[in-house]
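When we follow the working numbering, the leftmost residue of the sequence shown carries the number 3, and every step to the right adds one.
Cβ atoms here follow ideal geometry from the backbone N, Cα and C, with glycine treated the same way.
Structure record follows, encoded as structure tokens.
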Amino acid sequence: MESKSREQSLREQFQEWWEEWFGDAPLTPWDELWHGDGYTAESIDIMWDAWQASRSTLVVELPDGCEFGVGSSWIYSGNVSEAIRAAGITVKGGGDE
Numbered sequence: 003m004e005s006k007s008r009e010q011s012l013r014e015q016f017q018e019w020w021e022e023w024f025g026d027a028p029l030t031p032w033d034e035l036w037h038g039d040g041y042t043a044e045s046i047d048i049m050w051d052a053w054q055a056s057r058s059t060l061v062v063e064l065p066d067g068c069e070f071g072v073g074s075s076w077i078y079s080g081n082v083s084e085a086i087r088a089a090g091i092t093v094k095g096g097g098d099e
């Protein structure tokens with residue numbers, strides 16, 4: 003199964019927010035509004051730029067693993083970092099930079 007790109011995930015979150023905020027989907031379908039690097043509707047594209055900027059400032063710093071005994075440590079799963087990134091948040095630390 004192909005995983006979504008971070009941008010695709012952010013776009014989907016943005017589109018869900020937009021529809022909730024405005025109470026409906028835009029008259030033109032989302033896939034027709036999207037053209038590679040932005041939306042063709044200027045007002046939606048401006049909101050998209052703001053959405054991305056708001057997400058780029060969110061950072062979660064993961065601590066290093068905690069040692070429970072000789073030779074063992076608690077290690078953050080790649081799935082944890084992946085889930086945080088899918089929410090549009092930057093992950094820092096925890097050996098996952």
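From which residue to which residue does the alpha helix (DSSP H) around residue i run?
i: residue 46; result: 44–58
i: residue 33; result: 32–35
i: residue 11; result: 8–24
For residue i and residue j, which I take to be in contact (beta-carbon distance under 8 angstroms), what is that distance rounded to the nearest angstrom?
i: residue 35; j: residue 46; result: 6 angstroms
i: residue 43; j: residue 28; result: 7 angstroms
i: residue 8; j: residue 87; result: 6 angstroms
Please say whether residue j and residue i have beta carbons closer to each other than 9 angstroms?
i: residue 50; j: residue 38; result: no
i: residue 15; j: residue 90; result: yes
Please name the residue or residues paired with residue i in a DSSP beta bridge.
i: residue 93; result: 62
So does residue i have its beta carbon nearer than 8 angstroms to some heavy atom of the ligand NAD?
i: residue 82; result: As for the ligand NAD, it is missing from this structure, which has no ligand bound.
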